[in-house]
Amino acid sequence: MTTARPAAPPRLPDTEFFTADDVLHHSGDRLLLDRALRRGEAVRVCRGVYARSRPDGDVERHRQLVRAVFGRPGHTGAVGGVSAALLHGLSTGRGAVSATVTVLRPGGGGPTADIDLVATRLPASHLCEVDGLPVSTLARTVVDVTRREDPGSLTGLVVTDSALRASADPEGLRRDCETVLQDLRGCTGLARTRSVLREATPHSAGPTETVSRALLQQMGIPTPLLDVTYRWDPADPADDTGPQEPVGIGPEAPFGSVSLTSSAATVVVPFSWPDVHVLGVVLDRPVAEDGVPSGWSGDRDSWVAGPRRFLRRCGWVVVEWSPEDLSDPWPLSQRLTRIMRELYGGPVGPYGWARDHPVLRPQWSPTGWRGEPYPDR
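With the first letter of the sequence shown counted as 1, position 15 gets the number 14 in numbering that gives the first Met the number 0; the numbers rise by one all the way through.
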């Protein structure tokens, strides 16, 4: 006599995404999906598409949403805008990730709850493939993000800086963007794109540096040098130092790296105003939370006792700020302006230093700057 084995309980499909019909065909249970949703064993990703879970982080959740939207049968168009920027691995800055997918489609159509549909010209030369999905090229993505962003937004500048930084040929990417602009002539927002391309640079280390540069220039702070490499020697902190040739971004001189040809270490400072010996350093979080420069591998104490102490003893004023300070940049701008006025001895404006005032380089003494105690900034 044989004993009948109990039937296996119905299960959800073993695929990344599934629909209600998929669940029914796989299990034969019409109520399985409803039970899974109530128990948290399944989640809705977009209209009609479900998954077992949502990833952590806005960027990964948005990428999952893109895959779900374009996995629906009969879907046409290409990923564009900020959605395409995320698939290309570009930085978009805080608050730029939307709950909808930007879809480019020549035929147009109406938006839905999970799609921001853009009716636009879409030549084949503006398309590429990323992870099996049709996506706008890097140049077309830069143009679309910048020309469609809201006035006052810095998302376009962040994306453009990131694209130039990621490109093996930044000038070639600029030429590609100009070609796209020619293809889209007559469309709205192209003047805005050209303005952003003039301001963009591959020498900003990340989105916080890009936003800092833009906001400080808007507040009237002179244009700094970007990502200048400085030597610092933990064994002899009294030695003088100065800026070397800017090396840009890369493994040659990240924060805290040690040169292979010298015992001295190097540090890349995001913003330098050498005329007044002021350095600007962007922290990953506020000082009260032990913030350190982006890319610094040590803790707050090692940064303060190491390169920051060395640079200060060599005559540089090191000004630090975090992304939280950029939500209201006016106090930071006032602080930088006051420091520059004190060190320079003359007016400071958006076009640089006044011509009728000689640059007063700060001189270090045991009592502080120019013989007066200078507070820690």
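Don't be surprised by glycine CBs; every beta carbon is placed ideally from N, CA and C.
Item, Value
"Look up I338 in the DSSP assignment and say whether it is helix, strand or coil.", "helix"
"For E319, tell me which candidate among W329, L335 and S326 has the shortest Cα-Cα distance.", "L335"
"With a threshold of 7 Å on Cβ separation, who are the neighbours of A19 within its own chain once the five nearest residues in sequence on each side are excluded?", "L32"
"So which of R62, V22 and G205 has the shortest CA-CA distance to A460?", "With the chain running from 0 to 376 in the structure shown, residue 460 is simply not present."
"Regarding P72 and the ligand FMN, is the C-beta to nearest heavy atom distance less than 6 Å?", "Questions concerning the ligand FMN fall outside what the structure shown contains, since it holds no ligand whatsoever."
"For P328, name the three-state secondary structure that DSSP assigns.", "coil"
"Would you report the Cα separation of L96 and V58, rounded to the nearest angstrom?", "For clarity, residue 96 is Val in the given sequence; the question names Leu instead. Approximately 7 Å, taken between the alpha carbons."
"Tell me which same chain residues have a C-beta within less than 7 Å of the C-beta of V268, skipping the five on either side of it?", "V227, Y229, L278 and V280"
"For R62 and T265, what's the separation of their Cα atoms in angstroms?", "37 Å"
"Judging by CA-CA distance, which residue of F309, Q181 and T209 is the nearest neighbour of L156?", "T209"
"Considering only residues of the same chain and omitting the five flanking positions on each side of C45, which have a CB-CB separation below 7 Å?", "L64, A67, V68 and D113"
"Please report how far the alpha carbon of W272 lies from the alpha carbon of V286, in whole angstroms.", "22 Å"
"Give me the DSSP bridge partner(s) of R173.", "Its beta-bridge partners do not exist; DSSP assigns none."
"Considering just the uninterrupted stretch of the alpha helix (DSSP H) at T154, what are its terminal residues?", "T154 to A165"
"Which one or two residues does DSSP pair with P133 in a beta bridge?", "E128"
"Can you tell me where the alpha helix (DSSP H) with R193 in it begins and where it stops?", "L189 to E198"
"Start and end of the alpha helix (DSSP H) containing F309?", "R308 to R312"
"Applying the criterion that 16 or more other CB atoms from any shown protein chain within 10 Å of the CB defines a buried residue, is G290 buried or exposed?", "buried"
"Less than 7 Å between the beta carbons of V142 and C176, yes or no?", "yes"
"Would the beta-carbon of A83 fall within 7 Å of that of T119?", "no"
"What three-state label does DSSP hand T178 in the structure shown?", "helix"
"For T101, list the residues DSSP reports as bridge partners.", "D115"
"So if DSSP puts E319 in a beta bridge, which residue, or which two residues, is it bridged to?", "V280"
"Quick one: grab the DSSP three-state call for R184.", "coil"
"Do you know whose CA, among E15, G92 and G56, lies nearest A41's CA?", "E15"
"At the level of alpha carbons, what is the spacing between L282 and R29?", "53 Å"
"For A67, which of helix, strand or coil comes out of DSSP?", "helix"
"State the Cα-Cα distance for the pair G70 and L183, rounded to the nearest angstrom.", "29 Å"
"Identify which residue in T200, W295 and V22 has its Cα closest to the Cα of G47.", "V22"
"Kindly indicate which three-state DSSP category R34 falls into: helix, strand or coil?", "helix"
"By the 10 Å Cβ neighbour count, where 16 or more other Cβ atoms means buried, how is T136 classified, buried or exposed?", "buried"
"Using only CA atoms, which one of S332, G88 and T178 lies nearest to D130?", "G88"
"Please state the DSSP three-state secondary structure of S262.", "Residue confidence is low: S262 scores 47 on pLDDT, short of 50, so the model does not pin down where it sits. No coordinate-derived value is stated."
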